[in-house]
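Working notes for the structure below.
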Amino acid sequence: MSDASFDTSCDTREAEFGDYFALLKPRVMSLVVFTALVGLAVAPVGVHPLIAFASILFIAVGGGASGALNMWWDADIDRLMKRTQSRPIPSGKVSEGEALALGVILSFFSCLMLALAANIMAGALLAFTIFFYVVIYTMWLKRWTPQNIVIGGAAGAFPPMIGWAVATGGVSIESVLMFALTFAWTPPHFWALALFTKGDYANAGVPMLTVTHGRKATRAHILGYSLVLAFVAIALGMTSIGGPTYMVVAVVLNAMFIKGAWDVFRRNDDASEADKHKAERGLFKLSLAYLFLHYGALLIEAGLKPYGLGGWG
Amino acid sequence: MAFKPDHELHKRRFGRNLGLGLVLIGFVALVYGITVVKVSAIYHPAAEAAE
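Heads up: the sequence lines are chains A and B, in that order.
Read in my numbering, the first sequence has 140 at position 140, and its numbers run on one by one without any break.
Every position in the second sequence, counted from 1, becomes a number in my numbering once 1000 is added.
Here is the structure:
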């Protein structure tokens, strides 16, 4: 047998295993895993550790599948923006067809497996999340409205609800408020970033609030959403999964967040340029800690409950 | 007869196949584990809910 069929022209762009993994947006997946884990852990119903592990894994795979479908649909604009040019499709390592196939197969696989491992409600919620992110956000609204960040944030906010559904098989005020926390957090988080980075969304035809409505309006939006966020965070603390520890964290962080949003709101671009966007950068950094600490406090409350310490007694 | 050294492309494809193989083995192990837990719960209902 000869090796005549072997193509000696080495295609250095041929994909490695890691390139397919990169299609699943591992960084986004880490937030999905963390918030879904919290949603599952704070639920009042116990879940076998292996079922919990498998459920979180399938939720992560579902999130990754929607990331792959997002990269498939957005390949045209990813080629235009510096930040995304090195992604697997624009760099030529993975074809658009491969990304589509991987995304579709993993979407069906993850929803089906989650429904089998946990329950149908959890599988259905995951299916809706993928549909919402891929069809409603990516295909429909992302390139049409400057509120795209708000819509996209909704898709990213579902994982704690799915985690809760894995344990309880349903939806409740606690899981809806966990959804609302991430939902209201996303706009100020991304718009604070947009105020100090010169993104090239405009070149790619994606309407960003800073471009369509101006930076002054973006500052006002940040403040508005910060107030909504504070209301949601405090309300979450009053439910069965809140408690004194969470409430202290929420009051302190939301006071800091509103102060940061107010500082961003009351100054103009000249002042912002003068100190290299100190307030905007500060608010963005705070927003990163904000979400992690809120969910972390919920975990602490759940961890203290077996010792009679967590919750409202 | 001397074999030619592996081409870089072969190594990359091997890595890809190995990665997929490990994922599949892990998936089989996971489904097996889930099955054991689910079946155990039928006979010992308390086993499914870990305290």
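Ideal Cβ positions, reconstructed from N, Cα and C, are used throughout, including at glycine.
C-beta neighbour in chain A for residue i, strict 8 angstroms
i, result
"F1030(B)", "Sequence inspection shows Leu at residue 1030(B); the Phe mentioned does not correspond to that position. Output row for L1030(B): interface = yes."
"V1039(B)", "no"
"G1021(B)", "no"
"L1024(B)", "no"
"I1042(B)", "no"
"I1034(B)", "yes"
"F1014(B)", "no"
Residue i: first and last residue of the uninterrupted alpha helix (DSSP H) it sits in
i, result
"R27(A)", "P26 to A41"
"T168(A)", "P159 to T168"
"Y20(A)", "F17 to A22"
"H189(A)", "I173 to F196"
"R267(A)", "Premise fails: R267(A) is in no alpha helix (DSSP H) and is neither H nor E."
"P49(A)", "P49 to W73"
"G237(A)", "G214 to G237"
"H294(A)", "K278 to L304"
"F108(A)", "E96 to A117"
"T138(A)", "Run containing T138(A): none; DSSP gives neither H nor E here."
"K1038(B)", "E1008 to Y1043"
"G308(A)", "No alpha helix (DSSP H) holds G308(A); DSSP gives it neither H nor E."
"I120(A)", "I120 to F131"
Nearest to residue i (by Cα), restricted to the options the options
i, options, result
"A192(A)", "V248(A), G170(A) and L223(A)", "L223(A)"
"A36(A)", "G63(A), F21(A) and A22(A)", "G63(A)"
"A194(A)", "F109(A), I105(A) and D269(A)", "D269(A)"
"W312(A)", "V252(A), M81(A), L291(A) and G237(A)", "G237(A)"
"A54(A)", "A167(A), S91(A) and M81(A)", "A167(A)"
"P26(A)", "I51(A), P88(A), L299(A) and V42(A)", "P88(A)"
"R215(A)", "S272(A), L57(A) and N148(A)", "S272(A)"
"T129(A)", "N119(A), R143(A), D275(A) and I151(A)", "I151(A)"
"L80(A)", "V206(A), P306(A), T239(A) and S175(A)", "V206(A)"
"T212(A)", "A274(A), Q147(A), P90(A) and G169(A)", "Q147(A)"
"P44(A)", "D78(A), T239(A) and P244(A)", "T239(A)"
"L106(A)", "Y20(A), R83(A), K82(A) and G169(A)", "Y20(A)"
Pair within 8 angstroms by beta-carbon distance, residue i and residue j
i, j, result
"F265(A)", "L286(A)", "no"
"Y133(A)", "A155(A)", "yes"
"A15(A)", "V94(A)", "yes"
"M161(A)", "V171(A)", "yes"
"I241(A)", "A302(A)", "yes"
"A180(A)", "V249(A)", "no"
"V47(A)", "L40(A)", "yes"
"A228(A)", "A184(A)", "Inspection of the sequence shows that residue 228(A) is occupied by Val rather than by Ala. Taking 8 angstroms as the Cβ cut-off, V228(A) and A184(A) qualify as a contacting pair."
"E96(A)", "A124(A)", "no"
"G67(A)", "L23(A)", "yes"
"R267(A)", "A255(A)", "no"
"Y201(A)", "V38(A)", "no"
"A289(A)", "I1034(B)", "no"
"N70(A)", "T145(A)", "no"
"Y246(A)", "P188(A)", "no"
"A65(A)", "S30(A)", "no"
"L293(A)", "L253(A)", "yes"
"A101(A)", "L114(A)", "no"
"G103(A)", "W72(A)", "yes"
"L291(A)", "G260(A)", "no"
"S186(A)", "G163(A)", "Sequence inspection shows Thr at residue 186(A); the Ser mentioned does not correspond to that position. Taking 8 angstroms as the Cβ cut-off, T186(A) and G163(A) do not qualify as a contacting pair."
"F58(A)", "G1019(B)", "no"
"L112(A)", "V1037(B)", "no"
"F190(A)", "H277(A)", "no"
"A220(A)", "L209(A)", "no"
"G243(A)", "G310(A)", "yes"
CB contact below 8 angstroms: residue i versus chain B
i, result
"F17(A)", "yes"
"I51(A)", "yes"
"A41(A)", "no"
"A117(A)", "yes"
"E14(A)", "yes"
"H48(A)", "yes"
"V150(A)", "no"
"G310(A)", "no"
Contact with chain C by residue i, beta-carbon distance below 8 angstroms
i, result
"A54(A)", "Absent from the structure is chain C; the protein chains it does hold are A and B."
beta-carbon residue i near the ligand FAD non-hydrogen atom, thresh 7 angstroms
i, result
"G39(A)", "Absence of the ligand FAD from the depicted structure is noted, as is the absence of any ligand whatsoever, leaving it without description."
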